[in-house]
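Heads up: the structure comes next, in structure tokens.
There are 2 protein chains.
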Amino acid sequence: MKIGELASATATKVETVRYYEKIGLLPPPARTSANYRAYGHDHLARLSFIRRARDLGFTLEAVRELLTLSDDKAQSCDAVDGIARVHLTEIDRKVADLTALRGELDRVIGSCRHGTVADCKIIETLAPRTVPAK
Amino acid sequence: MKIGELASATATKVETVRYYEKIGLLPPPARTSANYRAYGHDHLARLSFIRRARDLGFTLEAVRELLTLSDDKAQSCDAVDGIARVHLTEIDRKVADLTALRGELDRVIGSCRHGTVADCKIIETLAPRTVPAK
DNA sequence: TCTACACCCTGTAGCAACTACAGGGTCAAG
DNA sequence: CTTGACCCTGTAGTTGCTACAGGGTGTAGA
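Protein chains in written order, with this note's numbering: chain A, 12 to 145; chain B, 12 to 145.
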């Protein structure tokens with residue numbers, strides 16, 4: 012698979028694919044006789060993971076960490092467990108926020124359909140987590 | 012509320028708060044006699060929304076659009092509906108991805124606890140959405 | 001054959017969204 | 001009355017892309 016095909020299969024820019032290779036997130040693929048990058052299924056799966064994790068608000072460093080769960084077969088159970096637990100907590104927070112946001116958008120669409128004035132309370136759905144010390 | 016208090020209540024850097032003001036995401040607050048920014052509850056709620064939406068992977072432009080649902084009371088029902096629907100679809104996609112990721116992290120933690128080798132399939136949980144044309 | 005067009009290559013420079021100073025002012029505590 | 005923790009306005013750096021510039025490759029049609 013050439014870089015353009017890989018890019019379009021994952022909704023990524025060609026330049027971004029090369030960027031991920033440069034910073035070591037995507038392993039350098041084999042080259043054709045014309046020096047073109049030749050990708051396989053593993054690259055496709057890995058790039059897809061990176062892109063979708065980024066879309067979920069994970070930083071490249073967090074993505075790198077998640078990928079080590081797959082890559083480093085030799086690491087200790089404690090390390091794996093620690094990394095997984097941290098991200099699990101983060102994910103639960105994100106799902107809760109998205110669900111609240113979804114509910115409010117649903118409500119806005121609904122009140123709109125019924126012709127009533129949509130008094131959008133979207134800001135309140137993601138209100139401060141910790142009450143500030145007044 | 013001074014800028015430092017607002018920042019720590021929302022886990023934001025002071026510089027970032029000023030940056031959001033500069034780009035028009037956060038309205039300029041009143042000033043004290045010493046020219047310090049003085050924020051109220053509305054600023055706190057709005058900044059909290061911005062930060063949490065950013066954490067969910069929304070761009071500043073998407074956040075700006077979501078905020079107009081609250082701000083622009085005069086806009087047409089069609090416009091509100093359109094904006095809300097687009098983001099609703101996006102949110103459903105994100106929740107599905109996070110749920111899959113969560114499941115795999117759970118599985119890794121579980122297999123770790125039972126002393127078995129954790130064969131992490133995390134990459135597969137966010138596999139390519141559309142099968143490429145081979 | 002040859003040329004036109006879509007693709008690939010390696011740079012380097014720009015943009016988005018922060019983040020970190022530099023250089024200076026404010027203010028409550030001791 | 002000064003010391004330290006805050007605030008101010010810049011400007012420059014970082015991360016994560018994104019967009020050229022300048023050049024090579026490959027194949028389809030005249």
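We treat Cβ as the ideally placed atom computed from N, Cα and C, and that holds for glycine.
Buried/exposed call for residue i, threshold 16 Cβ in 10 Å
i             : result
residue 105/B : buried
residue 81/A  : buried
residue 142/B : Low per-residue confidence applies at residue 142/B: pLDDT is 48, beneath 50, and the placement is therefore not dependable enough to give any value.
residue 95/A  : buried
residue 161/A : Outside the displayed span of chain A (12 to 145) sits residue 161/A, for which this structure offers no information.
residue 42/B  : exposed
residue 113/A : buried
residue 34/B  : exposed
Cβ of residue i within 8 Å of any chain B Cβ
i             : result
residue 21/A  : yes
residue 165/A : No information on residue 165/A is available, as it lies outside the stretch 12 to 145 that chain A covers here.
residue 106/A : yes
residue 110/A : yes
residue 29/A  : no
residue 64/A  : yes
residue 134/A : yes
residue 71/A  : no
residue 98/A  : yes
residue 36/A  : no
residue 74/A  : no
residue 41/A  : no
residue 91/A  : yes
Expected contact under 8 Å - CB spacing of residue i and residue j to nearest Å
i             : j             : result
residue 100/B : residue 59/B  : Not quite, the Cβ-Cβ distance comes to about 24 Å (not below 8 Å), so this is no contact.
residue 102/B : residue 109/A : 5 Å
residue 52/B  : residue 40/B  : Actually they are not in contact, since the Cβ atoms of residue 52/B and residue 40/B sit about 12 Å apart, beyond 8 Å.
residue 62/B  : residue 23/B  : 6 Å
residue 75/A  : residue 36/A  : 6 Å
residue 91/A  : residue 119/B : 6 Å
Test: residue i CB closer than 8 Å to a CB of chain A
i             : result
residue 45/B  : no
residue 95/B  : yes
residue 85/B  : no
residue 49/B  : no
residue 138/B : yes
residue 120/B : yes
residue 143/B : Note on residue 143/B: pLDDT 41, under 50, position unreliable in the model; no value is reported.
residue 102/B : yes
residue 56/B  : yes
residue 26/B  : no
Of the residues the options, the one placed nearest residue i, counting alpha carbons only
i             : options                    : result
residue 123/A : 53/B, 85/B, 135/B and 74/B : 85/B
residue 48/A  : 75/A, 77/A and 38/A        : 38/A
residue 135/A : 119/B, 57/B, 97/B and 91/B : 57/B
residue 89/A  : 83/B, 77/B and 121/B       : 121/B
residue 140/A : 78/A, 107/A, 83/A and 33/A : 107/A
residue 31/B  : 46/B, 130/B and 72/B       : 72/B
residue 79/B  : 15/A, 130/A and 138/A      : 130/A
residue 46/B  : 14/B, 28/B and 26/B        : 14/B
7 Å Cβ shell around residue i - same chain, five flanking residues per side excluded
i             : result
residue 144/A : Here residue 144/A scores only 37 on pLDDT, less than 50, and its place in the model should not be relied on; the value that follows carries that caveat. Excluding residues within five positions, none has a Cβ falling inside 7 Å.
residue 25/A  : 14, 15 and 18
Cut-off 6 Å between Cβ atoms - residues of its own chain near residue i, not counting five sequence neighbours on either side
i             : result
residue 111/B : 136
residue 50/B  : 12, 17 and 40
Close Cβ partners of residue i (< 8 Å) along its chain, the five nearest in sequence each way excluded
i             : result
residue 133/B : 112, 115, 116 and 119
residue 93/B  : none
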